[in-house]
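Asks:
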Ligand SMILES: [Zn+2]
Ligand SMILES: [Zn+2]
Ligand SMILES: [Zn+2]
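Numbering (the working numbering), first residue to last: 196 to 966.
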């Protein structure tokens, strides 16, 4: 007795070798039927004995190809027919196949084997790929995802490639970027003025130049990298000088995991993330005696390491036998990464000695992703190449909404059904190039996802470029979302929470509903609104943005706030080393309230402590002081500085005065910065736990969400999570999007969606928590 079942599979199941996989699975079991692409994914019908069919259904999700991501499988019985074999049914013309586009992923083992196999027809071909690997997102111009809508359209396939492309049993069946030496793109070397360097093997030439200490701009998957030998201090120094990048760490590419192990401490979890198909940059503790020079990541205990992910990377690494190459974004500091050949030659000619370019266009820039591994799980610091455009899967259907994110580390987010599509890392919108990229990214994502947003969500900061852009749009509903509310909503969204939570939103800067600079916020929030339950005391930031660049200013401000001018008599090195004139000027600014906005920022408290402890007086990249204060922590211990929590008014205020008193005592007694850093971190954790316990008593809420850039601090995040858990709280953190502003747009979407559906609109005060 035969049975026939129809199985609908949704998720990322197109362009990833899913149909040939199903074909093989069905034919191996002697099943008849068919498979075709649909707008939601694929539909499969299989017919055979009940056991054969059951076996097929059971194995289907288990053995799916590596790039497939199945989100839902539904099946039902249908009448049998006369089918005797299994067929792949082609989608009819006009019936556009609209489904999720796969991200760009690293070269697979099969392709890597062929790349270095002297008898393979693609031996050393820099663009080898198959349905299991290669570029996707960055070469897509439009949908459906088919060769004519990609930047491969200009390379007609040769007969051999065509045969592979049309054979359902071939690994390259419908691999859109399929190509070879005869028909595909090619590389060439250029000098710094853009002249072609005539040579037999551009890759060998470039490897030689790198070995000699040259800086080479290499066209990659999502943009250009600037490459330099990471073991050559003069060369790395030169790159810093030309790129105008002081101290901010560079990432290094290593040929394999053995090489990674020589320069960093690896554990199983880190190894797994390092070798994953997304190939992110993984922050790993540096190993002593590593051949990588100090200038690559000065004052930093960690090194960003990644493995090659394109065939071109593998060819360069093997050719030059490099233990490690600096591979940093091809840009001037903070500008977006260059993607176009002529743009790169124009923008990078003062940075690079040579260019290794190719003629497969990158249609969308996409920086490398960056993760840190804590407690065996990867946490995103930057979610970009390899992950985008995989959506965050939401609990409920959403109306079409665009959220435009924040000002720094910007990402945007679009919703469609239960999917929230976060864009790649767009970066800082303060520079013109960054803003252009922001506008392009919105247009591109709307086009390839076919979303016309009904609502645009934006941050309340009136001077953010993203906010200004949003307010210029017409014909849509606009919803302003408070920064820290968005952080908590983002954490709730990826954890599928719906009810009110206690949220710790800790970061550097976010515009508050009172017009002040918030950043150390404890909220009671759901998606629709929030109540500010507690926050750090307000402290002046003398000089505004200058106080962010110069942590010593925050130390002076905190000391003055708590001890008045008497602090100038404190017998501590920080005070002795102050410039009398500058300090006097600063204190006058504070007293006369000139350019000294008030802040409750957690980041600024870290800055003050870093400066007082002698860890960092001025920063060269965002959050440098906080990063170095975390690294300074020495030894274990539960010793902690006290915080004072004033519960008389509303919201409660967390005051740092007793913390500073103890810290100053420690400084006077010559305590090490390692001890002080530990007591400071532990003090914050203890203080937050007390706040959570008190709030639980009042609100009966037991779920806590941790969000905001401060939680990129692994020591703080881990300890707070652990301490809250031992007190019986259910703690939720970020795993899918960054805790920092890179994850902000996800939260904005959810807040806007709930307000929109509840009939709220612009101008509704956000200090209300409903439900
Ligand atoms: Zn492959
Ligand atoms: Zn070919
Ligand atoms: Zn933030």
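Note that the Cβ used here is the ideal one computed from N, Cα and C, for glycine as well.
1) By how many angstroms is the C-alpha of residue 933 removed from the C-alpha of residue 412?
2) Might you give, ordered along the chain, the residues of its own chain that have their beta carbon closer than 8 Å to the beta carbon of residue 666, omitting 5 neighbours on each side?
3) Near residue 290, which residues of its chain fall below 6 Å by C-beta distance, leaving aside the five closest residues on each side in sequence?
4) Return the first residue and the last residue of the alpha helix (DSSP H) that residue 401 is part of.
5) Should the region 518-529 be regarded as contacting the region 447-459, the criterion being three or more beta carbon pairs within less than 8 Å?
6) Mapping the DSSP letters down to three states, classify residue 291 as helix, strand or coil.
7) Does ligand 3 have even one heavy atom less than 7 Å from the beta-carbon of residue 936?
8) Please classify residue 288: is it buried, with 16 or more other beta-carbons within 10 angstroms of its beta-carbon, or exposed?
9) Looking only at its chain, what residues have a beta carbon closer than 6 Å to the beta carbon of residue 855, apart from the 5 residues adjacent to it on each side?
10) Just to confirm my understanding: we take residue 626, look at its own chain, exclude 5 residues before and 5 after, and list those with CB closer than 7 Å. What are they?
11) With a cut-off of 8 Å, do at least 3 Cβ pairs link the region 537-552 to the region 386-397?
12) Going by the CB atoms, is the gap between residue 262 and residue 300 shorter than 8 Å?
13) Quick one: measure Cβ to Cβ for residue 910 and residue 814, integer angstroms, because I've assumed they're closer than 8 Å.
14) Give me the pocket residues for ligand 1, defined as CB within less than 5 Å of any heavy atom, sorted by chain position.
15) Please confirm whether residue 731 and residue 715 have their CB atoms less than 8 Å apart.
16) Pick from 729, 904 and 949: whose alpha carbon is nearest that of residue 893?
17) Can you tell me where the alpha helix (DSSP H) with residue 892 in it begins and where it stops?
18) Just to confirm the assignment: which complete alpha helix (DSSP H) runs, minimum length 4, are found wholly within the region 906-932?
19) Quick check on the burial criterion: 16 or more other C-beta atoms within 10 angstroms. Buried or exposed for residue 361?
20) Keeping to the same chain, check which residues put their C-beta closer than 6 Å to that of residue 960; ignore five residues upstream and five downstream.
21) Which residues in the same chain as residue 210 place their Cβ atom closer than 6 Å to its Cβ, once the five residues preceding and following it in sequence are excluded?
22) Looking at the secondary structure, which residues open and close the alpha helix (DSSP H) in which residue 942 lies?
23) Could you pull out every residue in the same chain whose Cβ sits closer than 7 Å to the Cβ of residue 331, ignoring the five residues on either side in sequence?
24) Would you mind reading off the limits of the alpha helix (DSSP H) that contains residue 823?
25) Quick one: what's got a C-beta closer than 6 Å to residue 802's C-beta in the same chain, skipping five residues either side?
26) Taking 7 Å as the line, does the beta carbon of residue 802 fall inside it for any heavy atom of ligand 3?
27) Given a cut-off of 8 Å on the beta-carbon distance, is the pair residue 485 and residue 458 in contact?
28) When the distance is taken between beta carbons, is residue 580 closer than 8 Å to residue 329?
29) Going straight from the alpha carbon of residue 661 to that of residue 798, what length do you get?
30) Go ahead and label residue 333 buried or exposed: buried means 16 or more other beta carbons lie within 10 angstroms of its beta carbon, across all protein chains shown.
31) Where in the region 304-386 do unbroken runs of the alpha helix (DSSP H), each at least 4 residues long, occur, reported from the N-terminal end onward?
32) Within the present structure, is the beta-carbon of residue 904 separated from the nearest heavy atom of ligand 3 by less than 7 Å?
33) Do residue 568 and residue 468 come within 8 Å of each other at the CB atom, strictly closer than that value?
34) Below 6 Å CB to CB, which residues in the same chain sit around residue 623 once its five sequence neighbours on both sides are set aside?
35) For the structure I just gave you, are there three or more beta carbon pairs, one from the region 936-951 and one from the region 681-694, closer than 8 Å?
Replies: The short version:
1) Distance between the alpha carbons of residue 412 and residue 933: 29 Å.
2) Non-local beta-carbon contacts of residue 666 in its own chain, meaning distances under 8 Å to residues more than five positions away in sequence, involve 653 and 673 in chain order.
3) Only weak support exists for where residue 290 lies, its pLDDT of 42 falling under 50; the coordinates are left without a value.
4) From DSSP, the alpha helix (DSSP H) with residue 401 extends over 397-406.
5) Yes, they touch.
6) Caution applies to residue 291, whose pLDDT of 45 falls short of 50 and renders its modelled position unreliable; the value that the coordinates give is listed next. Coil at residue 291, not helix or strand.
7) Proximity of the beta carbon of residue 936 to ligand 3 is indicated: a heavy atom of the ligand is located closer than 7 Å.
8) A caution first: residue 288 carries a pLDDT of 44, below 50, which makes its placement in the model unreliable, though a value can still be read off. Exposed, by the Cβ-count rule.
9) Result list for residue 855: 757, in chain order.
10) So the list reads 529 and 530, once near-sequence residues are dropped.
11) The answer is yes - the region 386-397 touches the region 537-552, with three or more Cβ pairs under 8 Å.
12) Contact flag set, yes.
13) The beta-carbon separation of residue 910 and residue 814, rounded to 19 Å, does not stay under the 8 Å limit for a contact.
14) That gives 303, 306, 325, 327 and 328.
15) Yes; because the gap between Cβ atoms is below 8 Å, this pair is in contact.
16) Checking every option, the nearest Cα to that of residue 893 belongs to 729.
17) Unbroken alpha helix (DSSP H) run through residue 892: 868-894.
18) Those alpha helix (DSSP H) runs which fall completely within the region 906-932 and span 4+ residues are 909-921.
19) So residue 361 counts as exposed.
20) Because the pLDDT of residue 960 is 43, which lies under 50, any placement of that residue in the model is unreliable, and the number read from its coordinates should be weighed accordingly. In its own chain, leaving out the 5 sequence neighbours on each side, no residue places its CB closer than 6 Å to the CB of residue 960.
21) 297 and 340, listed in sequence order.
22) From DSSP, the alpha helix (DSSP H) with residue 942 extends over 939-952.
23) Closer than 7 Å at Cβ, skipping near neighbours: 210, 296, 297, 298 and 299.
24) For residue 823, the uninterrupted alpha helix (DSSP H) segment begins and ends at 819-827.
25) Annotation for residue 802: 746, 749 and 820 place their beta carbon closer than 6 Å to its own, counting only its chain and skipping 5 residues before and after.
26) Not so, every heavy atom of ligand 3 lies at least 7 Å from the Cβ.
27) In contact: residue 485 and residue 458 (Cβ atoms closer than 8 Å).
28) In terms of Cβ geometry, residue 329 and residue 580 do not form a close pair [threshold 8 Å].
29) Straight-line Cα distance between these residues: approximately 22 Å.
30) The residue is buried, with at least 16 neighbouring Cβ atoms inside 10 Å.
31) Restricted to the region 304-386, the alpha helix (DSSP H) segments that are unbroken, complete and at least 4 residues in length are 304-310 and 354-361, listed in chain order.
32) A heavy atom of ligand 3 is found nearer than 7 Å to the CB of residue 904.
33) It is a contact, given that the beta carbons lie within the stated cut-off.
34) Hits under 6 Å: 529, 603 and 629.
35) Yes, they touch.
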